[in-house]
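*Asks:*
Protein chains in written order, with this note's numbering: chain A, 252 to 572; chain B, 76 to 235.
#1: When you compare the CB positions of residue 471 of chain A and residue 519 of chain A, do they come within less than 9 Å of one another, or not?
#2: Are the beta-carbon atoms of residue 135 of chain B and residue 169 of chain B separated by less than 9 Å?
#3: Could you spell out the range, first to last residue, of the alpha helix (DSSP H) harbouring residue 82 of chain B?
#4: Roughly how many angstroms lie between the CA atoms of residue 425 of chain A and residue 90 of chain B, to the nearest whole one?
#5: With 9 Å set as the bound, which would you pick, yes or no: does the beta-carbon of residue 366 of chain A sit closer than that to a beta-carbon of chain B?
#6: Comparing the C-beta of residue 76 of chain B with each C-beta of chain A, is any distance below 9 Å?
#7: In the structure shown, what three-state DSSP assignment does residue 406 of chain A receive?
#8: Do residue 365 of chain A and residue 345 of chain A have their C-beta atoms within less than 9 Å of each other?
#9: Where do the ends of the alpha helix (DSSP H) carrying residue 238 of chain A lie?
#10: Roughly how many angstroms separate the alpha carbons of residue 194 of chain B and residue 314 of chain A, rounded to a whole number?
#11: Buried or exposed: where does residue 141 of chain B fall if 16 or more other Cβ atoms within 10 Å of its Cβ makes it buried?
#12: Is the Cβ-Cβ distance between residue 560 of chain A and residue 491 of chain A less than 9 Å?
#13: Taking residue 223 of chain B as part of the beta strand (DSSP E), name the residues at either end of that continuous run.
#14: Please list, in chain order, the chain A residues whose beta carbon lies closer than 9 Å to that of residue 222 of chain B.
#15: Counting contacts by CB-CB distance shorter than 9 Å, is residue 86 of chain B in contact with chain A?
#16: Which same chain residues end up closer than 8 Å to residue 368 of chain A when comparing Cβ atoms and leaving out the 5 residues on each side of it in sequence?
#17: Do you know offhand how far residue 154 of chain B's Cα is from residue 201 of chain B's?
#18: Report the residue from A:287, A:496, A:326 whose alpha carbon sits nearest the alpha carbon of residue 537 of chain A.
#19: Is there at least one Cβ from chain A nearer than 9 Å to residue 237 of chain B's Cβ?
#20: Three or more C-beta pairs under 8 Å: does that hold for the stretch 276 to 292 of chain A against the stretch 118 to 136 of chain B?
#21: Around the Cβ of residue 547 of chain A, are there at least 16 other Cβ atoms within 10 angstroms (buried) or fewer (exposed)?
#22: For residue 537 of chain A, go through chain B and note every residue whose CB falls closer than 8 Å to its CB, in chain order.
#23: Using 8 Å for Cβ pairs, my map puts residue 494 of chain A next to residue 434 of chain A. What's the rounded Cβ distance?
#24: Let me know if residue 568 of chain A comes out buried or exposed under the rule of 16 or more other beta-carbons within 10 Å of its beta-carbon.
#25: Check each candidate in B:234, B:229, B:213 and name the one with the smallest Cα separation from residue 462 of chain A.
#26: Spatial neighbours of residue 147 of chain B within its chain, please: C-beta separation below 6 Å, excluding the five flanking residues on both sides.
#27: Whose Cβ in chain A lies nearer than 7 Å to the Cβ of residue 159 of chain B?
#28: Report the three-state DSSP secondary structure of residue 334 of chain A (helix, strand or coil).
#29: For residue 381 of chain A, return the contacting residues in chain B, with the cut-off set at a CB-CB distance below 7 Å.
#30: Examine chain B for any beta-carbon lying closer than 9 Å to the beta-carbon of residue 572 of chain A, and answer yes or no.
#31: With a 10 Å radius around its C-beta and 16 neighbouring C-beta atoms as the bar for buried, classify residue 386 of chain A as buried or exposed.
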């Protein structure tokens with residue numbers, strides 16, 4: 252417990268981590284928390300319907316080889332078409348139940364189970380896919396929300412906020428890890444004398460490879476290949492946004508800005524590389540555009556001072572905020 | 076289900092779970108070939124820039140009754156992937172494994188990866204070459220040709 256105290260002291264005094272206990276006494280914050288949870292489960296039936304559309308029989312994907320979490324398919328001798336329908340219907344039913352009774356932990360666990368089956372089905376064609384992972388982990392984390400009314404009991408209220416913070420931090424951790432690799436591998440290739448993603452031609456090489464080899468259709472791809480010096484700062488900026496994503500968990504005034512940037516990032520990834528990670532967008536919207544941790548009043552100055560790098564420089568230069 | 080953990084322990088558990096996730100995810104990059112210790116992924120995506128290097132690919136000589144001269148290159152096979160709603164990246168991985176099996180003269184592995192690859196033809200007879208190429212992605216974008224290319228093997232889906 253001494254280690255926890257040290258971490259708590261460091262986060263509170265040095266980093267400025269928001270006190271969830273104090274926030275849990277704010278009725279508006281708790282209303283926003285309930286809204287966030289309700290919207291998350293309201294997105295469920297829509298995502299389930301999209302899954303059904305995209306996996307409607309006859310399933311054209313080849314080499315169906317169920318992973319271990321989908322072994323019941325082998326036991327019941329189900330083919331890929333029946334499996335797609337079974338998993339899709341499970342997702343629809345679980346998400347409809349969660350839409351109505353998301354306050355019940357057993358229903359939230361059922362929703363997680365359905366998402367787990369969807370994730371496993373999607374990865375059962377010979378190559379692992381990661382597009383459903385945010386839904387998998389966030390639905391898992393939300394199982395730990397307290398049951399029943401959350402606003403009347405202090406412990407339940409702050410546990411609610413802690414679970415939401417956990418779900419947000421998980422999502423931002425993914426982006427920070429993605430950003431970490433961009434710089435780690437970027438510097439590695441740079442020191443080996445290769446074209447790296449830190450050089451102006453790095454991203455055009457990636458886009459060219461993707462459009463050639465992966466054969467994606469990407470309307471902005473050719474522009475990005477042919478204008479490296481316009482694209483370079485955008486790419487480096489986007490990588491920095493990813494790398495510092497986790498920082499917004501201790502500077503929640505930045506969450507809305509990061510939410511918009513991440514939605515833009517996924518949209519541009521589709522338009523430039525043809526890579527579709529649409530499952531991420533509703534989660535980013537729900538968690539960061541409806542975040543209970545973003546204060547009512549946020550000014551541009553506050554955001555500037557909270558930014559990593561820029562904010563740190565500003566605080567040294569003009570330590571007012 | 077009732078959790079009796081006190082609030083501070085819950086906080087510690089949350090922070091620990093994030094730290095463990097990050098540690099497993101980053102370790103997966105060195106411990107596995109696909110950056111994943113299921114269900115934890117490293118999130119290493121589009122970080123490595125594909126420099127000019129040796130790659131393996133295929134070129135289609137015939138599909139059904141249509142013969143292609145010059146052969147259709149991998150980047151022209153979009154119609155096959157579309158009809159299967161599949162990403163070519165999956166087959167890019169399979170092609171690399173098939174090429175390795177050819178070079179290692181491993182007939183069992185060749186058979187396995189041929190089956191996986193040839194599923195894309197959906198039982199339509201096809202002939203194709205497995206190629207070893209030096210690919211400069213940016214040069215290929217402009218010229219649609221590889222820096223150099225050699226045939227490793229030619230296969231007919233109707234023949235073993």
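A virtual CB, placed ideally from N, CA and C, is assigned to each residue, including glycine.
Note that this is a predicted model, so its numbers are computed, not measured.
*Replies:* Answer, in terms of the structure:
#1: Residue numbering aside, residue 471 of chain A sits at position 220 when the first chain is read from its first letter. Residue numbering aside, residue 519 of chain A sits at position 268 when the first chain is read from its first letter. Yes. Within cutoff.
#2: Working through the second chain from its first residue, we reach residue 135 of chain B at position 60. Working through the second chain from its first residue, we reach residue 169 of chain B at position 94. No, Cβ-Cβ distance for residue 135 of chain B and residue 169 of chain B is not below 9 Å.
#3: Counting from 1 along the second chain, the entry for residue 82 of chain B is found at position 7. From DSSP, the alpha helix (DSSP H) with residue 82 of chain B extends over 82 to 106.
#4: Position 174 of the first chain holds residue 425 of chain A. Position 15 of the second chain holds residue 90 of chain B. So the two alpha carbons sit approximately 15 Å from each other.
#5: Taking the first chain and counting its residues from 1, one reaches residue 366 of chain A at position 115. No, no contact with chain B.
#6: On the second chain, position 1 is the one that residue 76 of chain B refers to. Annotation note: pLDDT 45 at residue 76 of chain B (below 50); position unreliable, coordinate value reported separately. Output row for residue 76 of chain B: interface = yes.
#7: For the purposes of this step, residue 406 of chain A is taken as residue 155 along the first chain, with counting starting at 1. DSSP, reduced to helix, strand and coil, places residue 406 of chain A within a helical segment of the structure shown.
#8: Taking the first residue of the first chain as position 1, residue 365 of chain A is located at position 114. Taking the first residue of the first chain as position 1, residue 345 of chain A is located at position 94. It is a contact, given that the beta carbons lie within the stated cut-off.
#9: The structure shown does not extend to residue 238 of chain A, since chain A is modelled only from 252 to 572, so the question has no answer here.
#10: What you label residue 194 of chain B is simply residue 119 of the second chain in a count that begins at 1. What you label residue 314 of chain A is simply residue 63 of the first chain in a count that begins at 1. Straight-line measurement puts the Cα of residue 314 of chain A at about 7 Å from the Cα of residue 194 of chain B.
#11: Indexing the second chain from 1 puts residue 141 of chain B at position 66. Counting the other Cβ atoms within 10 Å of the Cβ of residue 141 of chain B gives fewer than 16, which makes it exposed.
#12: To locate residue 560 of chain A, count along the first chain from 1; it is residue 309. To locate residue 491 of chain A, count along the first chain from 1; it is residue 240. In contact: residue 560 of chain A and residue 491 of chain A (Cβ atoms closer than 9 Å).
#13: As a position in the second chain, residue 223 of chain B is number 148, starting the count at 1. Segment 223 to 231, the beta strand (DSSP E) holding residue 223 of chain B.
#14: Taking the first residue of the second chain as position 1, residue 222 of chain B is located at position 147. Those within 9 Å of residue 222 of chain B in chain A number zero; the least Cβ separation is about 13 Å.
#15: For the purposes of this step, residue 86 of chain B is taken as the residue at position 11 of the second chain. Yes - at least one Cβ of chain A is within 9 Å of the one on residue 86 of chain B.
#16: Here residue 368 of chain A is taken as the residue at index 117 of the first chain, counted from 1. So the list reads 320, 321, 338, 341, 342, once near-sequence residues are dropped.
#17: As a working mapping, residue 154 of chain B is identified with position 79 in the second chain. As a working mapping, residue 201 of chain B is identified with position 126 in the second chain. Whole-angstrom Cα-Cα distance: 14 Å.
#18: Numbered from 1 along the first chain, position 286 holds the residue referred to as residue 537 of chain A. The shortest C-alpha separation from residue 537 of chain A is found at A:287.
#19: The displayed coordinates of chain B run from 76 to 235. Any statement about residue 237 of chain B would go beyond what the structure contains.
#20: No contact exists between the stretch 276 to 292 of chain A and the stretch 118 to 136 of chain B.
#21: Against the first chain, residue 547 of chain A aligns to sequence position 296. That one is exposed.
#22: In the first chain, residue 537 of chain A corresponds to position 286, counting from 1. What residue 537 of chain A touches in chain B, judged by beta-carbon distance under 8 Å, is nothing: the nearest beta carbon there is about 19 Å away.
#23: For this step, residue 494 of chain A is matched to residue 243 along the first chain. For this step, residue 434 of chain A is matched to residue 183 along the first chain. The beta carbons of residue 494 of chain A and residue 434 of chain A sit about 6 Å from each other, so the pair counts as a contact at 8 Å.
#24: As a first step, residue 568 of chain A is located in the first chain; it is residue number 317 there, counting from the start. Classification for residue 568 of chain A: exposed.
#25: Position 211 of the first chain, counted from the first residue, corresponds to residue 462 of chain A. Looking at the Cα atoms, B:213 is the closest of the given residues.
#26: Within the second chain, residue 147 of chain B is the residue found at index 72, counting from 1. When the five nearest sequence neighbours on each side are left out, the beta carbons in the same chain lying within less than 6 Å of the beta carbon of residue 147 of chain B are those of 135, in order along the chain.
#27: Sequence index remark: in the second chain, residue 159 of chain B carries index 84 (1-based). Residues of chain A passing the Cβ test: 311, 312, 313.
#28: Working through the first chain from its first residue, we reach residue 334 of chain A at position 83. Looking at residue 334 of chain A - three-state DSSP - the assignment turns out to be helix.
#29: Along the first chain, one-based indexing puts residue 381 of chain A at 130. Within 7 Å Cβ-Cβ: 116.
#30: Here residue 572 of chain A is taken as the residue at index 321 of the first chain, counted from 1. With a pLDDT of 49 at residue 572 of chain A, under the threshold of 50, the modelled position of that residue is not reliable, and the figure given next carries that caveat. Under the 9 Å criterion on CB atoms, residue 572 of chain A is classed as non-interfacial with respect to chain B.
#31: Here residue 386 of chain A refers to the residue found at position 135 of the first chain. By the neighbour-count rule (16 or more Cβ atoms within 10 Å), residue 386 of chain A is buried.
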